[in-house]
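Novice:
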Amino acid sequence: MFATMWRFYILSLFCLVGWSNSQSCPAQYKRFTPRHTFCIRRNPRCDIKRSGVSQKEIEDFENIREKGGVPWEMNTGQLVVWDEQLAAVAQKWAENCDFNHDCGECRTVENFAVGQNLVIQGSTCQGHGCKEDKLTQPNWQKAIKRLYEEVLGYQKDWLWSFEEHDGPQTGHFTQVIWSRSWRIVCGYTSFKECHIVLPFLFYFCFKFVSLFVIWSRSWRIVIWSRSWRIGCGYTSFKEGGKYKRFYVCNYGPGGNVAEQPVYKNGQPCSACPINSCCGSSCGGGLSYPGLCKILDPNTAPKYRKPSNLFFCGASSNDEDCQASVTGANKWKKVKSVGGNYDSIVLKGGESSTVTFNKAIIPTKNSFCLLIKFQKGPVDASRGDQSSFTANFKMDYSFASPMQIRSRTLSFTDIKIHLRWGVKTKIAFTFSVPRGAGRHVLDIREISAYDGPCDSLSI
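For the sequence shown, our numbering gives the first residue as 64, with consecutive numbering after it.
(1) In chain order, what residues of the same chain lie with their CB nearer than 6 Å to the CB of residue 390, ignoring the 5 residues before and after it?
(2) Would you grab the beta carbon distance between residue 449 and residue 493 for me? Rounded to a whole angstrom, and I think it's under 8 Å.
(3) Is residue 142 near residue 177, with beta carbons less than 8 Å apart?
(4) Under a three-way DSSP split, which group does residue 330 fall into?
(5) For residue 87, which of helix, strand or coil comes out of DSSP?
(6) Compute the Euclidean distance between the alpha carbons of residue 460 and residue 440, then round it to the nearest angstrom.
(7) Whose C-alpha, out of 317, 296 and 519, is nearest the C-alpha of residue 370?
(8) Could you tell me whether the stretch 378 to 397 touches the stretch 469 to 484, using the rule of 3 or more Cβ pairs below 8 Å?
(9) Using the Cα positions of residue 195 and residue 476, report the straight-line distance between them to the nearest angstrom.
(10) So, for residue 92: in the same chain, excluding its five sequence neighbours on each side, which residues have a beta-carbon less than 7 Å away from its beta-carbon?
(11) Who does residue 43 pair with in a DSSP beta bridge?
(12) Using the C-alpha atoms, what's the distance from residue 402 back to residue 67?
(13) Can you give me the Cβ contacts of residue 513 inside the same chain, cut-off strictly under 7 Å, excluding the 5 residues immediately before and after it?
(14) Measuring alpha carbon to alpha carbon, tell me which of 198, 207, 385 and 94 ends up nearest residue 172.
(15) So residue 147 and residue 203 are in contact, right, with Cβ under 8 Å, and what is the actual spacing, rounded?
(16) For the candidate residues 341, 152 and 164, whose alpha-carbon lies nearest to that of residue 358?
(17) Report yes if the CB atom of residue 339 is closer than 8 Å to the CB atom of residue 356, and no otherwise.
(18) Can you check whether the CB of residue 145 is closer than 8 Å to the CB of residue 315?
(19) Please identify the residue among 515, 497, 488 and 156 whose C-alpha is closest to the C-alpha of residue 386.
(20) Of the choices 467, 458 and 447, whose alpha-carbon is the least far from that of residue 432?
(21) Since residue 158 is in the alpha helix (DSSP H), which residue starts that stretch and which ends it?
(22) Using a Cβ-Cβ cutoff of less than 6 Å, which residues in the same chain neighbour residue 497 once the five nearest sequence positions on both sides are dropped?
(23) Taking only the alpha-carbon atoms, compute the straight-line gap between residue 353 and residue 507 and give it to the nearest angstrom.
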């Protein structure tokens, strides 16, 4: 006879370098970092016994996410959609057999930044009755439930603006319910590792489970109500005398964004995307009536926009988007599950300027310009040398061009408070200096709103 005792560990987010990159890395990943997780070689010390995630395990995850609930009503909770690209990246990290988070840009995809949760589940087996098949079998339900239990330490007041807090760890929980994460991928690894523990000389077989490589931010990611795509990977492997089970889940878009609400309190279904159904509007067969369901899983959620002065999105045909282009005119529209965007790739020495025909006419003494974009070199190892500039033209005033910068190579929202209230035409210039390699700029949305940016909730 033998006894098995389970232990769980939840890991916070850290930025690490995995095994060296393979010789061939797809361009869609090289643009974010030369150390992208998809491009790393399998850990040569990892003796994999079992790998992959079944459809049943995917369904179990969403079942727990819904049945676990939250102690406050959520108005934008969404059914998650399995994402093969997120899954492929998560599986790569699971096969790395390293119970640490990869870095944020190491898991980024073209559609959005990606969140991640890791949980370790361990057991002690005494005696010789431990069967390898049982030790390498994943238990997603127990691991996810352990993450959700962080709700016990979470306070309602923390929902309205995300930030790190002292006290009980709750980050894994908030990613699970993060309201704008809607694609998820998970990975799992099981491996064996044995120890002789002194002074008692007991022989222990520890089983470790590292769960959730979801949009980069722990359990907070599990509840982030607008995270709606998920991809997971699983690997069971043996290391020395120890078995370990490693789970990885990636969420998109990633949650745990500073100063953003985890989700908004309100009547379920009251703030769903306009391209979704909820409750009775979905017809029969909906297992989770309190969650929004995107009608076409291959399109991004579309939310009602607040009243604006100007709006041009790559998915719209608004007259606001009418513009003239000078310089290189290589713009193309890209369809994406994270939301469509306009994209251009320039060589060294090239430049492109887009000037919008419609003027922005504020009714207040200032307005907020919002730009959703990502830019950088085609090969991140060369560094970003490009320039992205906003230019403003007014009838009786002048404003200097403004450099638009981002701390990340993935999609980001930049809000610019323009402290004047006069009619303004806007133009944007993207340029690459001579001698530099190819660079890319993707723009998902340009919009303007009356008043200062701190009054804007998008």
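The beta-carbon is built from N, C-alpha and C at its ideal position, and this holds for glycine as well.
Specialist: Taking the coordinates as given:
(1) 414, 415 and 416
(2) 7 Å
(3) no
(4) coil
(5) coil
(6) 35 Å
(7) 519
(8) no
(9) 48 Å
(10) 99, 101 and 102
(11) Past the edges of the chain, shown from 64 to 521, lies residue 43, and the structure says nothing about it.
(12) Low confidence applies here, because residue 67 scores a pLDDT of 36, under 50, leaving its location unreliable; read the following figure in that light. So the two alpha carbons sit approximately 47 Å from each other.
(13) 372, 425, 426, 427 and 430
(14) 94
(15) Going by Cβ atoms, the distance from residue 147 to residue 203 rounds to 18 Å, so no, they are not a contact pair.
(16) 341
(17) yes
(18) no
(19) 488
(20) 467
(21) From DSSP, residue 158 is part of no alpha helix (DSSP H); its letter is neither H nor E.
(22) 411 and 412
(23) 29 Å
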